[in-house]
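For the first sequence, position 231 matches number 231 in this note's numbering, and the numbering has no gaps at all.
Even for Gly, the Cβ is constructed at its ideal location relative to N, Cα and C.
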Amino acid sequence: MPELPEVETTCRGIAPHIENNTITKIIVRNRNLRWPIPIGLNSKLKNKKIFSVTRRAKYLLIEAEAGTLIIHLGMSGSLRILPTAEVVEKHDHFEIQFKDGICLRLRDPRRFGSVLFVKADPLNHKLLINLGPEPLSDEFNAALLFEKSRKRKTTIKQFIMDAKIVVGVGNIYASEALFLSKIHPKRLAGKLTKEQSKSLSKAIKNILKQAIKQGGTTLKDFTSSDGKPGYFSQKLKVYNRAGEPCLNCDKPIKQITLGQRSTFYCTHCQT
DNA sequence: TTAATCACCTGAGGGC
DNA sequence: TGCCCTCAGGTGATTA
1 MPELPEVETT CRGIAPHIEN NTITKIIVRN RNLRWPIPIG LNSKLKNKKI
51 FSVTRRAKYL LIEAEAGTLI IHLGMSGSLR ILPTAEVVEK HDHFEIQFKD
101 GICLRLRDPR RFGSVLFVKA DPLNHKLLIN LGPEPLSDEF NAALLFEKSR
151 KRKTTIKQFI MDAKIVVGVG NIYASEALFL SKIHPKRLAG KLTKEQSKSL
201 SKAIKNILKQ AIKQGGTTLK DFTSSDGKPG YFSQKLKVYN RAGEPCLNCD
251 KPIKQITLGQ RSTFYCTHCQ T
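Right, here's the structure in full:
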């Protein structure tokens, strides 16, 4: 399930193959993703060159001569570089073919992902314009976390998963970052101390940096652009470890639901 | 403005 | 073996 490190891994994986490459054909096999894939992409992008592949939050931005494709991998999406002749499988919904015989293929079994197209600056798109800072940027820091959390009555876990506060912290890394900073997930955001803000912002940065280094997290669905799984799940300290001993204190990890999402924490270490 | 809930979708896993 | 049910999860839209 792609979170920010998985999207970053994908971005880095596909960029060398498609930057400065020329699109020969776009195939839409199933238009029905989260939002319908726009009609006429092939005529708009055929014979156009791709300039760059970048990432904003969990959105991949593929900038071409005629405009930018905005791709979100949703819950189960993956983008892979393949030979164009590679057999098409059931959930391969979208594909960009290139002059040198490769293709970029989107597979998304649950179809929560999206493929959008804009001619103007993608950062001004309504989905991107109100997003919070990138977690690994200097803009996201303890002071910002403390300031934005004042008077907020939601739990700290739901707060750090809010993309208007900081982008890219999904369910897995939210539990992990709170464990690292020893903060109980049900603590009210408004009650966060300055010291905890410092510890939490640092934990979020560290956990995401580590995950990117390891190539993302593999639980069920994620493989990187070359089809290889990520390895970060081997390092998860609380996520999906309900009942197992805490790596710090040996007390069992507890699972609760917050905001309709599974949440894992140590009742002894996190307060 | 904030918080909570719903909806979208399919595969995995458990129970019978 | 097959059917049914529940769960998982990112995020925009809707409601309170």
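{"Asked": "Given this structure, state the Cα-to-Cα distance separating residue 60 from residue 133, to the nearest angstrom.", "Found": "16 Å"}
{"Asked": "According to the neighbour-count rule (16 or more other Cβ atoms, all chains shown, within 10 Å of its Cβ), is residue 9 buried or exposed?", "Found": "buried"}
{"Asked": "Report the three-state DSSP secondary structure of residue 112 (helix, strand or coil).", "Found": "coil"}
{"Asked": "Our contact map puts residue 177 next to residue 207 with C-beta atoms below 8 Å; I'd like the distance itself, whole angstroms only.", "Found": "5 Å"}
{"Asked": "Would you please state the rounded distance, in angstroms, between the beta carbons of residue 33 and residue 113? I believe it to be under 8 Å.", "Found": "5 Å"}
{"Asked": "Residue range of the beta strand (DSSP E) that residue 67 falls in?", "Found": "67 to 72"}
{"Asked": "Restricting to Cα atoms, I'd like to know which of 261, 258, 265 and 256 is closest to residue 246.", "Found": "265"}
{"Asked": "Using 6 Å as the cut-off, classify the Cβ of residue 167 as near or not near the heavy atoms of the ligand PLP, replying yes or no.", "Found": "Looking for the ligand PLP in the displayed structure turns up nothing, as the structure carries no ligands at all."}
{"Asked": "Going by beta-carbon coordinates alone, are residue 129 and residue 270 separated by less than 7 Å?", "Found": "no"}
{"Asked": "Ignoring anything shorter than 4 residues, give me the alpha helix (DSSP H) runs that lie fully in the stretch 84 to 165, in order along the chain.", "Found": "142 to 149 and 156 to 160"}
{"Asked": "Expressed to the nearest angstrom, what Euclidean distance is found between the alpha-carbon atoms of residue 191 and residue 236?", "Found": "27 Å"}
{"Asked": "Measure the Cβ-Cβ separation of residue 50 and residue 66 and say whether it is below 7 Å.", "Found": "no"}
{"Asked": "Please classify residue 31: is it buried, with 16 or more other beta-carbons within 10 angstroms of its beta-carbon, or exposed?", "Found": "exposed"}
{"Asked": "Closest by CA to residue 79, which one among 262, 109, 170 and 154?", "Found": "109"}
{"Asked": "Suppose contacts are defined by Cβ-Cβ distances below 7 Å. Is residue 26 in contact with residue 45 by that definition?", "Found": "yes"}
{"Asked": "Would you identify the three-state DSSP class for residue 37, choosing helix, strand or coil?", "Found": "coil"}
{"Asked": "Could you give the distance in angstroms between the alpha-carbon of residue 168 and the alpha-carbon of residue 195?", "Found": "22 Å"}
{"Asked": "Within a Cβ cutoff of 6 Å, which residues of the same chain sit near residue 257, ignoring the five residues on either side of it in sequence?", "Found": "none"}
{"Asked": "DSSP three-state call for residue 27: helix, strand or coil?", "Found": "strand"}
{"Asked": "Quick check: the Cα distance between residue 239 and residue 7, rounded to an integer number of angstroms?", "Found": "19 Å"}
{"Asked": "Determine the direct distance from the alpha carbon of residue 175 to that of residue 198, and round the result to whole angstroms.", "Found": "17 Å"}
{"Asked": "To the nearest angstrom, how far is the alpha carbon of residue 143 from that of residue 81?", "Found": "41 Å"}
{"Asked": "With residue 210 as the anchor, note down where its alpha helix (DSSP H) starts and where it stops.", "Found": "194 to 214"}
{"Asked": "If you compare alpha carbons, which of 38, 58 and 19 is closest to residue 162?", "Found": "58"}
{"Asked": "Would you decide whether residue 157 is buried or exposed? Buried here means 16 or more other CB atoms lie within 10 Å of its CB.", "Found": "buried"}
{"Asked": "What are the boundary residues of the alpha helix (DSSP H) that residue 172 is part of?", "Found": "171 to 180"}
{"Asked": "Could you tell me the alpha carbon to alpha carbon distance between residue 56 and residue 100, rounded to whole angstroms?", "Found": "28 Å"}
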